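Colleague: Count the sequence shown with full-length UniProt numbering and you get residues 1 to 53, in order.
Even for Gly, the Cβ is constructed at its ideal location relative to N, Cα and C.
Only a predicted model underlies this, so the values are computations on that prediction, with no experimental measurement involved.
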Amino acid sequence: MADDPFDQGERAAQQNIPAEANPYHDGSEEYALWAAGHERVATAMQARESEGT
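1. Report buried or exposed for S28, applying the criterion of at least 16 other Cβ atoms within 10 angstroms of its Cβ.
2. Going by beta carbon distance, what residues of the same chain come within less than 6 Å of A19, once the five residues before and after it are set aside?
3. Look at the alpha carbon of A21 and the alpha carbon of F6, and state the distance between them as a whole number of angstroms.
4. I'd like the ranges of any beta strand (DSSP E) spanning at least 3 consecutive residues and lying wholly in the stretch 11–39.
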């Protein structure tokens, strides 16, 4: 089974792939899920960086 777009977005953020690289059509449910996954991880990564951990 194909990966969930949310999971794909999380992995992309972990690999430092920018949010603009979202492979789905803007406005689609998959686009929104990918973006949400990416944002969740990217936000956590930025918080860790600002804390110095």
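Modeller: According to the structure shown:
1. exposed
2. Only H38 meet the Cβ criterion.
3. 14 Å
4. none
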